[in-house]
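Residues in the sequence shown are numbered consecutively from 43, following my numbering. Report on the following structure.
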Amino acid sequence: MQINFVNFYAPATINPYVAVAAKGPWIVTSHGAVVHDNGGYGMLGGGHGPEDIIDAMSKNHVMA
(Lines of atoms letter the chains of each structure in order from A and count residues from 1; the text may use other names and numbers.)
(Lines give C-alpha, C1' and ligand atoms only; values in the text may rest on other atoms or scores of the structure.)
Protein backbone atom coordinates (compact mmCIF):
# COMPACT_ATOMS: atom_id res chain seq x y z
CA MET A 1 0.00 0.00 0.00
CA GLN A 2 2.86 2.39 0.74
CA ILE A 3 4.96 1.60 -2.31
CA ASN A 4 6.10 4.79 -4.11
CA PHE A 5 5.25 6.95 -1.07
CA VAL A 6 7.94 8.65 0.98
CA ASN A 7 7.36 7.80 4.63
CA PHE A 8 9.25 9.91 7.16
CA TYR A 9 8.50 7.61 10.10
CA ALA A 10 10.71 4.85 11.39
CA PRO A 11 9.51 1.40 10.24
CA ALA A 12 8.68 0.42 13.84
CA THR A 13 6.23 3.34 14.11
CA ILE A 14 4.23 2.77 10.90
CA ASN A 15 0.73 1.37 11.36
CA PRO A 16 0.63 -2.27 10.20
CA TYR A 17 -2.92 -1.82 8.89
CA VAL A 18 -4.97 0.37 6.55
CA ALA A 19 -7.91 2.06 8.25
CA VAL A 20 -11.10 2.09 6.16
CA ALA A 21 -13.56 3.31 8.83
CA ALA A 22 -13.51 4.60 12.38
CA LYS A 23 -15.85 5.70 15.15
CA GLY A 24 -14.51 6.94 18.44
CA PRO A 25 -11.32 5.02 19.23
CA TRP A 26 -12.44 2.02 17.14
CA ILE A 27 -10.90 1.47 13.70
CA VAL A 28 -11.92 -1.08 11.07
CA THR A 29 -9.04 -2.19 8.88
CA SER A 30 -9.05 -3.19 5.23
CA HIS A 31 -8.86 -6.82 6.41
CA GLY A 32 -11.95 -6.46 8.61
CA ALA A 33 -10.10 -6.37 11.92
CA VAL A 34 -11.29 -3.98 14.62
CA VAL A 35 -8.51 -2.04 16.37
CA HIS A 36 -8.80 0.16 19.48
CA ASP A 37 -6.60 3.28 19.10
CA ASN A 38 -6.85 5.59 22.07
CA GLY A 39 -4.04 8.03 21.50
CA GLY A 40 -1.70 9.96 19.28
CA TYR A 41 -1.90 13.20 17.34
CA GLY A 42 -3.89 15.08 19.97
CA MET A 43 -6.90 12.78 20.13
CA LEU A 44 -7.06 13.24 23.92
CA GLY A 45 -9.54 10.39 24.19
CA GLY A 46 -11.97 12.00 21.75
CA GLY A 47 -11.54 9.22 19.25
CA HIS A 48 -11.59 9.47 15.47
CA GLY A 49 -14.17 11.99 14.30
CA PRO A 50 -16.06 12.85 17.51
CA GLU A 51 -19.59 13.91 16.57
CA ASP A 52 -19.43 17.36 18.22
CA ILE A 53 -16.25 18.21 16.31
CA ILE A 54 -17.58 16.87 12.99
CA ASP A 55 -20.78 18.87 13.56
CA ALA A 56 -18.82 22.07 14.24
CA MET A 57 -16.61 21.51 11.19
CA SER A 58 -19.60 20.95 8.91
CA LYS A 59 -20.87 24.51 9.43
CA ASN A 60 -19.82 27.53 7.36
CA HIS A 61 -16.89 29.45 8.85
CA VAL A 62 -15.10 32.63 7.75
CA MET A 63 -11.60 31.54 6.81
CA ALA A 64 -10.02 34.87 5.83
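Where is the CB? At the ideal position from N, CA and C, for every residue including glycine.
Given a threshold of 16 other Cβ atoms within 10 Å of its Cβ, counted over all protein chains shown, does residue i qualify as buried or as exposed?
i: isoleucine 95; result: exposed
So what does DSSP say about residue i, is it helix, strand or coil?
i: isoleucine 69; result: strand
i: alanine 61; result: strand
Might you give, ordered along the chain, the residues of its own chain that have their beta carbon closer than 7 angstroms to the beta carbon of residue i, omitting 5 neighbours on each side?
i: valine 77; result: Tyr59, Ile69 and Thr71
Determine the extent of the alpha helix (DSSP H) in which residue i is found, giving its start and end residues.
i: methionine 99; result: 93-99
What residue range is occupied by the uninterrupted beta strand (DSSP E) comprising residue i?
i: valine 77; result: 76-78
Please work out which residues of its chain come closer than 8 angstroms, Cβ to Cβ, to residue i, disregarding the five sequence neighbours upstream and downstream, and give them in chain order.
i: glutamine 44; result: Ile56
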